[in-house]
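With our numbering applied, the sequence shown corresponds to residues 3 to 144, in that order.
Idealized CB from N, CA, C, for every residue including glycine.
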Amino acid sequence: MGMNILNLEIYLDYIKDNGYRCTLQRSSILSYFIEQKNRFLSAKSVTDHLQNTMGNASSDTVYRNLHLFKDIGIMDLTFQDGESLFHLKNEINTHEYKFICSECGNTTNLNLCPLEKMDTSLNDYLIYDHKFEVYGVCPSCL
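Laid out in structure tokens, this is it:
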């Protein structure tokens, strides 16, 4: 469990460095993502978890915090079946490319940047962000 505490401290320090307070709720949200080991989670599942563990969590506050984490660069957001799903980045302020299992929700990082492999079709464009996700079924769910 020592590694999780270290990770949590890194995220909390980063939040402070960006001028935000480290509230108990923010800390609990991050801890839950760390416990879930790289899974994409819905705001509802995070809210349900906080209500079970802390007893008080409004879905609005959870949603606002998740979007704050996304805006400062420690969380990714994706959409699946019309639902927003959030994912805690392994490294802060880096792009991550991943395979996402549609059965269990586990993710596997991919060691490539597709933008580096692209042809010259976007040479005249200003690109300010990108992400790459591959969906399927992992070996343990097959």
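Contact belief for residue i with residue j at Cβ below 8 Å, rounded distance in angstroms
i            : j              : result
leucine 52   : serine 86      : Not a contact, Cβ separation roughly 17 Å.
cysteine 140 : asparagine 108 : 6 Å
serine 104   : glycine 138    : 7 Å
Sequence-distant residues of the same chain with beta carbon closer than 7 Å to residue i, five excluded per side
i            : result
lysine 91    : Ile76, Met77, Asp78 and Glu98
isoleucine 7 : Residue placement at isoleucine 7 is flagged as unreliable, the pLDDT there being 46, under the threshold of 50; a coordinate-derived value is accordingly withheld.
cysteine 143 : Cys103, Glu105 and Cys106
Under 8 Å between C-beta atoms of residue i and residue j
i                : j             : result
isoleucine 36    : arginine 28   : no
phenylalanine 88 : leucine 68    : yes
isoleucine 102   : asparagine 20 : no
serine 60        : alanine 45    : no
leucine 70       : tyrosine 22   : yes
Strand pairing of residue i, partner residues [DSSP]
i             : result
threonine 110 : Phe101
glycine 138   : Cys103
methionine 77 : Leu90
leucine 43    : Phe88
glutamine 82  : Glu85
Other residues of its chain near residue i: CB distance less than 8 Å, five sequence neighbours each side excluded
i            : result
lysine 39    : Asn108
lysine 72    : Asp78, Leu79 and Phe88
methionine 5 : Low local confidence applies: a pLDDT of 43 at methionine 5 is under 50, so the model's placement there is unreliable, with the coordinate-based value given in what follows. So no residue of the chain qualifies.
Buried versus exposed call for residue i [16 or more other C-beta atoms within 10 Å across all chains shown]
i            : result
methionine 3 : Model confidence at methionine 3 stands at a pLDDT of 37, short of 50, so the residue's coordinates are unreliable; what they give is reported in the following sentence. Exposed.
leucine 32   : buried
cysteine 106 : exposed
threonine 49 : buried
tyrosine 13  : buried
valine 136   : exposed
leucine 124  : exposed
leucine 43   : buried
Own chain partners of residue i with C-beta closer than 6 Å, once the 5 adjacent residues on each side are dropped
i           : result
proline 116 : Phe134
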